[in-house]
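Heads up, the sequence shown is in the working numbering, so the first residue is 1 and it goes up one at a time.
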Amino acid sequence: MRILIFIMFFLLLGGFFIISENKLVLNAKENYKSFILLYAEWTKDVVDNIGKVTGMIVKLEWLPKR
């Protein structure tokens with residue numbers, strides 16, 4: 001349950017940062033479309049980065065050398 005809350009908080013906070021950094025007012029239809037595109041791009045980047053980090057972790061040598 002805590003992980004789900006953390007993920008939801010992370011995604012919500014990311015949305016707020018996108019809105020504030022791009023000075024979007026979501027009352028306008030154009031701004032709403034821009035937000036959706038920016039949020040989708042940001043989400044894709046987050047997933048790509050998680051994949052890269054996971055790949056690096058898997059490649060690490062975890063067993064002690066003898």
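Cβ coordinates follow ideal geometry from the N, Cα and C atoms, glycine included.
Under 6 Å Cβ to Cβ from residue i, same chain only, skipping five residues before and after it: list those, please.
{"i": "Asn31", "result": "Leu24 and Val25"}
So, with DSSP's three-state summary, where would you put residue i?
{"i": "Lys44", "result": "helix"}
{"i": "Met1", "result": "coil"}
{"i": "Glu30", "result": "helix"}
{"i": "Val58", "result": "helix"}
{"i": "Val53", "result": "helix"}
{"i": "Leu63", "result": "coil"}
{"i": "Leu24", "result": "coil"}
Excluding sequence positions up to five away, which residues of its chain have a Cβ less than 7 Å from the Cβ of residue i?
{"i": "Gly14", "result": "Trp42"}
Per the contact definition of three or more C-beta pairs closer than 8 Å, is the segment 47-59 in contact with the segment 7-22?
no
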